[in-house]
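Below is one structure, written out as structure tokens; the observations come after it.
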Amino acid sequence: MKQRQKKCKRTHIEELEARSGSSGSSEFLFSLFWKLYDFFGPQYWWPGETPFEIAVGAILTQNTAWKNVEKAISILKASNSLSPSAIWNMPEKELAALIRPAGYYNIKAGRLRNFVALLQEQFQGSMTRMAESDDMVVREYLLGVRGIGPETADSILLYALGKPSFVIDAYTFRILERHDIIDESWDYHMLRDFFMENLPGDVCLFNEFHALFVAAGKTFCKPRRPACDNCPLSEK
DNA sequence: CACCAGGCAAGTA
DNA sequence: TACTTGCATGGT
16 MKQRQKKCKR
26 THIEELEARS
36 GSSGSSEFLF
46 SLFWKLYDFF
56 GPQYWWPGET
66 PFEIAVGAIL
76 TQNTAWKNVE
86 KAISILKASN
96 SLSPSAIWNM
106 PEKELAALIR
116 PAGYYNIKAG
126 RLRNFVALLQ
136 EQFQGSMTRM
146 AESDDMVVRE
156 YLLGVRGIGP
166 ETADSILLYA
176 LGKPSFVIDA
186 YTFRILERHD
196 IIDESWDYHM
206 LRDFFMENLP
216 GDVCLFNEFH
226 ALFVAAGKTF
236 CKPRRPACDN
246 CPLSEK
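Quick note on numbering: the working numbering labels position 145 of the first sequence as 160, and the sequence is numbered without any gaps.
Take a look at the structure:
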């Protein structure tokens, strides 16, 4: 297997920007994007070899450092358990033991099973079938799964299924608040709508944009500090 | 030692 | 509706 997905090129995003209507908000969001992109470079997310692995990672990384998720996923792989059928046919306690390094393992074992149940019941256990289904319908199905909230749903849609669904996470909130672009009154769907209404619905752009927020957050925007020191967004 | 990490659901008032 | 709390490992 070569590349799961066509790589997102700078020229493609430049093209999108040129074709995109120049509302003030649209121009502003693109300017944010380029500041991050020029500083950090392309991120080429999500880490993971298959759509199913990406979906599993999205659930395991809930409020958890990615490093711990990597351990859990490598254990699943090593025990030949990283498939819908393997997860479904295994006792929940056994699954919990395998994903232990990811934390919240009892909760997450149940969540993984809930996701696999949806996959089996509505999409014949096929991530491909899921990807072929209507975006909004799939999003509603995902949000209906106990243990999948908006961020996890959008991460699966965008990174596992290749659908243009913008992902908001804690870093996005923190960075935009620190730069006085939003205040604490903004919630998940308000912010997601703001991005999606003012940017072209493009998987490549949404993918890089969210991944760049994470890169910037990890590097510059630490919790419990007044500002994001040296963040590229601080520059004019 | 305290705090944090690519959330979410359930409980409380 | 708007807080608060439980869930848990591993890194800094």
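In this text, a Cβ means the ideal position worked out from N, Cα and C, and glycines have one as well.
Mapping DSSP to helix, strand and coil, what is residue i?
i, result
"HIS194", "coil"
"LYS17", "The pLDDT assigned to LYS17 is 47, lower than 50, so where the model puts this residue is not dependable; a value taken from the coordinates is nonetheless given after this. In this structure, LYS17 counts as coil in the three-state DSSP scheme."
"ILE114", "coil"
"GLY125", "helix"
"SER200", "coil"
"TRP60", "coil"
"GLY36", "coil"
"GLU68", "helix"
"PRO44", "As written in the sequence, residue 44 is Leu, which differs from the Pro given in the question. Helix at LEU44."
"GLN135", "helix"
"PRO238", "coil"
"GLU250", "coil"
"ASP119", "Here the sequence assigns Tyr to residue 119, which means Asp is not the residue at that position. Three-state DSSP puts TYR119 in coil, outside helix and strand."
"SER94", "coil"
"ASP244", "coil"
"PRO106", "coil"
Assuming residue i and residue j are in contact, meaning their beta carbons sit under 8 Å apart, how far apart are those beta carbons, in whole angstroms?
i, j, result
"VAL182", "SER170", "5 Å"
"SER98", "PHE138", "That pair is no contact at about 14 Å."
"VAL84", "LEU75", "4 Å"
"PHE228", "TYR186", "5 Å"
"MET142", "ALA175", "7 Å"
"LEU127", "VAL71", "6 Å"
"LEU248", "ALA231", "7 Å"
"PHE210", "LEU51", "No, PHE210 and LEU51 are not in contact; Cβ-Cβ is about 13 Å, not under 8 Å."
"THR65", "ALA117", "So it is not a contact: roughly 18 Å between Cβ atoms."
"MET145", "LEU134", "7 Å"
From residue i to residue j, what distance separates their C-alpha atoms?
i, j, result
"PHE54", "ILE28", "16 Å"
"SER180", "LEU173", "5 Å"
"ASN245", "LYS178", "33 Å"
"ILE88", "LEU158", "23 Å"
"SER35", "SER41", "8 Å"
"SER46", "THR167", "27 Å"
"THR26", "ASN104", "46 Å"
"CYS243", "GLU250", "11 Å"
"MET16", "TRP49", "Its pLDDT being 45, under 50, MET16 is placed unreliably by the model, and nothing is read from it."
"ASP195", "PRO241", "12 Å"
"GLU136", "SER37", "43 Å"
"TYR156", "GLY140", "14 Å"
"ILE102", "LEU110", "7 Å"
"GLY39", "HIS204", "21 Å"
"ILE114", "LEU31", "40 Å"
"PRO106", "ASP198", "45 Å"
"LYS82", "SER148", "32 Å"
"LYS86", "GLY216", "33 Å"
"PHE212", "TRP201", "One point to set straight first is that residue 212 is Glu, not Phe, in the sequence displayed. Roughly 15 Å separates the two Cα atoms."
"ALA33", "LEU206", "24 Å"
"ALA4", "LYS108", "Residue 4 falls outside the range modelled here, since the chain spans only 16 to 251, and no answer is possible."
"ASN95", "LYS24", "35 Å"
"ASP184", "ILE69", "16 Å"
"GLY63", "GLN77", "16 Å"
In chain order, which alpha helix (DSSP H) runs of at least 4 residues are fully inside the stretch 140–185? 142–147, 150–158, 165–170
Counting pairs of Cβ atoms below 8 Å between the stretch 220–232 and the stretch 51–63, do you hit three or more? yes
Taking three-plus beta-carbon pairs below 8 Å as touching, is the stretch 189–196 in contact with the stretch 232–240? yes
Using 8 Å as the threshold, is the stretch 153–166 in touch with the stretch 115–128, meaning 3 or more CB pairs across them? yes
As an exercise, report each continuous alpha helix (DSSP H) stretch of at least 4 residues that is fully enclosed by the stretch 201–236, in chain order. 203–213, 218–235
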